[in-house]
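The structure appears below as structure tokens.
Set out below in structure tokens:
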């Protein structure tokens, strides 16, 4: 039954359409012209608004702004780009680039005095910086030089970002008088500062951990940092190679000195032979025997001399005795 009714309705519309198309009155034409003029006015108004926006915002590089109904498409696309970056260091850098766009959107809305839109952009900025903070914490590489280099790059970009936040604060003060700077705007600026500071602390902590690991390998971490900032490539690997070379030379010298000490020890040890092939201890014993033999000979000579003197005395004594008799 329902299908029949639908079919009849379709047939009726087909039959009526030629009649309706021919029954176009002058009033309908006037209405169409009015709508056309109205659309033209809307287009002109939009163009004027765009012209005013560009004139006010100047050289700010912004696309869809928070006051647009399609702003969510812009932020959604940026989040997809951020999640596609698998490497933590690259993700942090990409996040800072997106955060830079959000800052410019806040500034553009401030220049147009659209406070609600400013808050929307600031919220998006905070969410992106949170992702940056998490990415920084996950930075890790087998090459400590590359790890430190990534952290220094993020530190440099974050320093630039801080400068943009300070610039934004100045813009807000320029475009809003003291009466307009209510608690909401004050909190908004404070939130921006806190967000950047939180990431800055995370970067410093992560860099400190990396420098400790470098120092534990016997390398001057501060010097490596300075070399990287100067643009020297493979600064850490070069330092490691040089350190290994010094260590190898030191080990070689130590082994050579140890060998010399062993040779001296062997020369002085019992059982060692001299240049003649004899045991130095045997030479020492022979010398002692010679000294003993010499002493004995001297002693015997003294005894013989003493006996001769004694006999001589006896002879003299006997001679004197006979003479007296």
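Numbering (the numbering used here), first residue to last: 346 to 670.
Positions of the beta carbon are idealized from the N, C-alpha and C atoms, including for glycine.
Here the structure is a predicted model, which is why all the values come from computation and not from measurement.
Close beta carbons around residue i, own chain, < 8 Å, minus the five adjacent residues each side
i: residue 541; result: 474, 503, 506, 507 and 510
i: residue 382; result: In this prediction, residue 382 has a pLDDT of 49, which is less than 50 and means its spatial position is unreliable; nothing more can be read from the coordinates.
i: residue 524; result: none
i: residue 418; result: 409
i: residue 575; result: none
i: residue 526; result: 517 and 518
Candidates the options: closest to residue i by CA position
i: residue 501; options: 471, 544 and 488; result: 544
i: residue 437; options: 569, 478, 448 and 462; result: 478
i: residue 560; options: 572, 581 and 577; result: 581
i: residue 435; options: 423, 495, 447 and 459; result: 495
i: residue 443; options: 454, 422 and 567; result: 422
i: residue 472; options: 583, 424, 460 and 433; result: 424
i: residue 566; options: 490, 606 and 445; result: 490
i: residue 432; options: 415, 480, 457 and 454; result: 480
i: residue 441; options: 418, 476 and 415; result: 476
i: residue 485; options: 525, 523, 553 and 524; result: 553
i: residue 512; options: 524, 414, 445 and 522; result: 445
i: residue 538; options: 514, 488, 526 and 414; result: 514
i: residue 583; options: 488, 417 and 416; result: 488
Contact check, residue i vs residue j, beta carbons under 9 Å
i: residue 557; j: residue 585; result: no
i: residue 562; j: residue 588; result: yes
i: residue 530; j: residue 460; result: yes
Own chain, CB closer than 6 Å to residue i, minus 5 neighbours either side, in chain order
i: residue 465; result: 411
i: residue 493; result: 555
i: residue 469; result: 420 and 447
i: residue 415; result: 409
i: residue 413; result: none
i: residue 570; result: none
Proximal residues to residue i (C-beta, below 7 Å), its chain only, five neighbours per side dropped
i: residue 450; result: 407, 410, 411 and 466
i: residue 439; result: 426, 427 and 430
i: residue 573; result: 493, 494, 497 and 580
i: residue 384; result: Low confidence applies here, because residue 384 scores a pLDDT of 48, under 50, leaving its location unreliable; read the following figure in that light. The answer is none, since no qualifying residue turns up.
i: residue 520; result: 455, 456 and 458
i: residue 463; result: 451, 454, 455 and 533
i: residue 517; result: 455, 530 and 534
i: residue 606; result: none
i: residue 577; result: none
i: residue 522; result: none
i: residue 528; result: none
Residue i Cβ short of 8 Å to the ligand NAP heavy atom set
i: residue 587; result: Within the structure as shown, the ligand NAP is missing, as the structure has no ligands at all.
Contact belief for residue i with residue j at Cβ below 8 Å, rounded distance in angstroms
i: residue 548; j: residue 499; result: 6 Å
i: residue 302; j: residue 482; result: Residue 302 lies beyond the residue range present for the chain, which begins at 346 and ends at 670; the question has no answer from this structure.
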